[in-house]
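S.K.: Start counting the sequence shown at 1; every next residue gets the next number (UniProt numbering).
Submitted below is the structure of interest, expressed as structure tokens.
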Amino acid sequence: MTTFSLNLVLFFSFPFISCKHFLADAEVSNKIGINYGQLGSNLPPPKVAIEMIKSMKAGRVKLYDANHEILSLLSGTKIQVSIMIPNNEISDIANNQTRADQWVLNNVVPFYPGTMIRFILVGNEVLSYDSYGDRLVWNDLVPAMRRVWRSLVAFNLQIIRVGTPVAMDVLETTFPPSRGMFRSDIRWTVVAPMLEFLDESRSSLFINAYPYFPWSANPMDINLDFALFNGNLEQIDRGSGLVYTNLLDEMLDSFIFAMAKLGYTNIRLVISETGWPTAGDIEQPGANLLNAATYNRNLVKRVMTKPTIGTPARPRVVVPTFIFSLFDENQKPGPGTERHWGLLRFDGSPNYQIDLTGKKPSVDYDPLPVVENNVPFRGRLWCVVARGVDPMELQAAITEVCGGGDGSCEALWPGRECYEPVSVYWHASYAFSSYWSKFRSQGASCHFNGLAQETTMDPSNGSCRFPSVTF
Ligand SMILES: *[C@@H]1O[C@H](CO)[C@@H](O)[C@H](O)[C@H]1NC(C)=O
Ligand SMILES: *[C@@H]1O[C@H](CO)[C@@H](O)[C@H](O)[C@H]1NC(C)=O
């Protein structure tokens with residue numbers, strides 16, 4: 001197909017698309033969805049997971065791939081589904097329409113309409129600088145989105161919208177919201193063409209927005225209740241005159257203002273991820289059951305309130321919201337919070353009660369333990385072998401940690417101060433502490449594939465001093 005004929009198809013499809021879109025929205029309550037990640041070693045099988053999603057009454061589910069077993073299992077349910085193209089397929093698709101068509105043929109056509117696929121997300125946080133981000137893909141992102149949309153139009157599947165989740169770090173200014181501005185390195189090269197595409201195709205800007213992150217980075221400056229939608233705090237944005245009662249609204253509106261500066265005032269928002277962790281490392285403040293339950297319950301209540309509240313800059317406009325996440329995922333790397341975002345634990349039991357319809361009054365929930373970790377931890381931490389670890393796994397870990405030639409393990413050499421007692425537990429604990437203290441500033445976590453945990457107890461013995469991290 002030529003570009004020219006495709007443009008015609010796109011142009012004439014619009015009125016039809018938007019009409020169908022609104023009809024579909026009216027049929028099912030689809031304001032609240034759940035992210036279903038699968039980076040866990042002992043997660044319940046997909047069949048069970050989907051039963052859980054159904055019984056929780058989530059209107060939508062978002063996958064990080066297009067797992068065919070899960071897509072089949074979702075067939076015949078009323079759950080609207082969001083699927084994802086992995087970051088490493090973006091460039092191929094951007095450069096080749098056949099690849100886009102094949103992706104849609106393999107992952108959408110066999111399941112639609114039995115499975116209510118509604119969004120195809122191209123990559124995840126592609127425009128971020130962290131591990132997901134890949135500058136080489138930046139320029140391929142929008143061309144890939146356009147090709148996938150072309151395929152959908154060709155297959156007459158325009159009810160499915162194409163987007164890509166962005167994290168807060170695509171903004172260089174977020175506060176106050178009226179100063180929201182996209183990063184200068186992507187503003188005109190990637191973001192403006194992306195917004196043009198989203199606007200043309202009546203899609204949405206998908207945002208991964210976690211008030212937990214700005215709050216936990218500045219827990220003494222940002223009021224916890226403001227982050228948790230608690231209480232009656234108000235913050236005025238002097239640039240716009242708008243009044244904010246919670247941090248999430250500020251984050252969302254900073255995107256509204258950033259888009260407006262590029263000339264786009266009608267693109268809707270979807271929160272592709274938000275949530276609060278139930279646990280984390282000792283130095284990570286505020287990651288506890290009470291805060292997580294409070295955040296997600298208040299979030300749901302807000303999103304489900306009728307008439308729709310919206311945000312100060314976009315009152316009364318629905319923002320479909322996907323909570324992160326269905327399960328705690330014990331195989332996610334990084335700091336402790338990464339493995340504790342689930343509404344459910346690894347085994348599928350609830351971390352805390354939550355009613356995703358938003359109807360249950362707060363007083364009907366069982367009380368949760370109050371944990372006093374809402375202020376920054378001050379003191380020293382060591383990183384030692386976690387409880388219950390199989391000693392057989394430790395030798396390989398020692399070899400790996402000590403094999404880097406970075407001097408982390410010199411004190412473990414025969415004759416040196418930490419060689420005795422000669423035990424894998426002792427040597428591994430020393431190696432973990434030493435490596436962590438050396439590389440924490442570069443992002444190392446006290447995790448080591450689940451073999452390590454932090455402690456406030458100094459393991460040092462005799463002349464062997466364990467390196468520590470001071471907070
Ligand atoms: C596009 O992709 C198809 C399917 O993978 C492949 O057969 C074809 O050679 C590709 N075209 C180009 C120009 O790379
Ligand atoms: C402390 O060091 C001594 C001498 O090396 C050793 O015998 C003892 O087992 C060590 N204690 C612990 C708790 O590792």
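C-beta atoms are modelled at their ideal positions from N, C-alpha and C, and glycine is treated no differently.
Just checking R99 against ligand 1 - is the residue's beta carbon closer than 7 Å to any of the ligand's heavy atoms?
M.R.: For this step, residue 99 is matched to residue 99 along the sequence shown. Taking the Cβ of R99 as the reference point, at least one heavy atom of ligand 1 falls within a distance shorter than 7 Å.
S.K.: Just the Cα atoms here: how many angstroms apart are A144 and I93?
M.R.: Along the sequence shown, one-based indexing puts residue 144 at 144. Along the sequence shown, one-based indexing puts residue 93 at 93. Straight-line Cα distance between these residues: approximately 5 Å.
S.K.: When the Cα of L451 is compared with those of Q284, E417, D355 and Q331, which residue comes out closest?
M.R.: Residue numbering aside, residue 451 sits at position 451 when the sequence shown is read from its first letter. Among Q284, E417, D355 and Q331, the Cα nearest to that of L451 is on Q331.
S.K.: Quick one: grab the DSSP three-state call for I53.
M.R.: In the sequence shown, residue 53 corresponds to position 53, counting from 1. It is helical.
S.K.: Which of helix, strand or coil does DSSP assign to Y435?
M.R.: In the sequence shown, the residue the question calls residue 435 occupies position 435. It is helical.
S.K.: May I ask which residues mark the beginning and end of the beta strand (DSSP E) holding W382?
M.R.: By one-based count along the sequence shown, residue 382 stands at place 382. Taken as a continuous stretch (DSSP letters only), the beta strand (DSSP E) holding W382 covers R380 to V385.
S.K.: Under 8 Å between the Cβ atoms of G118 and I160?
M.R.: On the sequence shown, residue 118 is found 118 positions in, with the first residue counted as 1. On the sequence shown, residue 160 is found 160 positions in, with the first residue counted as 1. Note that residue 118 is Arg in the sequence shown here, rather than Gly. Taking 8 Å as the cut-off, the Cβ atoms of R118 and I160 count as close.
S.K.: Go through its chain and collect everything with a Cβ distance to L39's Cβ below 6 Å, but skip five positions before and after it.
M.R.: Your numbering for residue 39 matches position 39 in the sequence shown. Within the same chain, L39 has close Cβ partners E329, Q331 and K332.
S.K.: If you measure between the beta carbons of residue 475 and L43, is that distance less than 8 Å?
M.R.: The structure shown has nothing for residue 475, since the chain only spans 1 to 471.
S.K.: Compute the minimum distance between the beta carbon of N107 and the heavy atoms of ligand 1, and state whether it is under 7 Å.
M.R.: To locate residue 107, count along the sequence shown from 1; it is residue 107. It does not: the Cβ of N107 is nowhere closer than 7 Å to a heavy atom of ligand 1.
S.K.: Taking all protein chains shown into account, do 16 or more other C-beta atoms lie within 10 angstroms of the C-beta of M392, making it buried, or fewer, making it exposed?
M.R.: Taking the sequence shown and counting its residues from 1, one reaches residue 392 at position 392. Burial call: exposed.
S.K.: State buried or exposed for E338, treating a residue as buried only when at least 16 other CB atoms are found within 10 Å of its CB.
M.R.: As a first step, residue 338 must be located in the sequence shown, where it is residue number 338. Buried, since its Cβ has 16 or more Cβ neighbours within 10 Å.
S.K.: Could you compute how far the alpha carbon of Y430 sits from the alpha carbon of N374?
M.R.: The sequence position of residue 430 within the sequence shown is 430, counting from 1. The sequence position of residue 374 within the sequence shown is 374, counting from 1. The alpha-carbon atoms of Y430 and N374 are separated by roughly 30 Å.
S.K.: What are the boundary residues of the beta strand (DSSP E) that includes R161?
M.R.: As a position in the sequence shown, residue 161 is number 161, starting the count at 1. Residues R161 to G163.
S.K.: Where does N208 fall in DSSP's three states?
M.R.: Along the sequence shown, one-based indexing puts residue 208 at 208. Three-state DSSP puts N208 in a strand.
S.K.: CA-CA distance, R183 and W215?
M.R.: On the sequence shown, position 183 is the one that residue 183 refers to. On the sequence shown, position 215 is the one that residue 215 refers to. Roughly 21 Å separates the two Cα atoms.
S.K.: Could you compute how far the alpha carbon of P376 sits from the alpha carbon of N106?
M.R.: Taking the first residue of the sequence shown as position 1, residue 376 is located at position 376. Taking the first residue of the sequence shown as position 1, residue 106 is located at position 106. C-alpha separation (whole angstroms): 49 Å.
S.K.: Would you tell me roughly how many angstroms separate the C-alpha atoms of L157 and V126, rounded to the nearest one?
M.R.: Position 157 of the sequence shown holds residue 157. Position 126 of the sequence shown holds residue 126. Taking the Cα positions, L157 is about 25 Å away from V126.
S.K.: Out of L252, R187 and F229, point me to the one whose CA is closest to T245's CA.
M.R.: Start at 1 with the first residue of the sequence shown, and residue 245 comes out as number 245. Answer by Cα proximity: F229.
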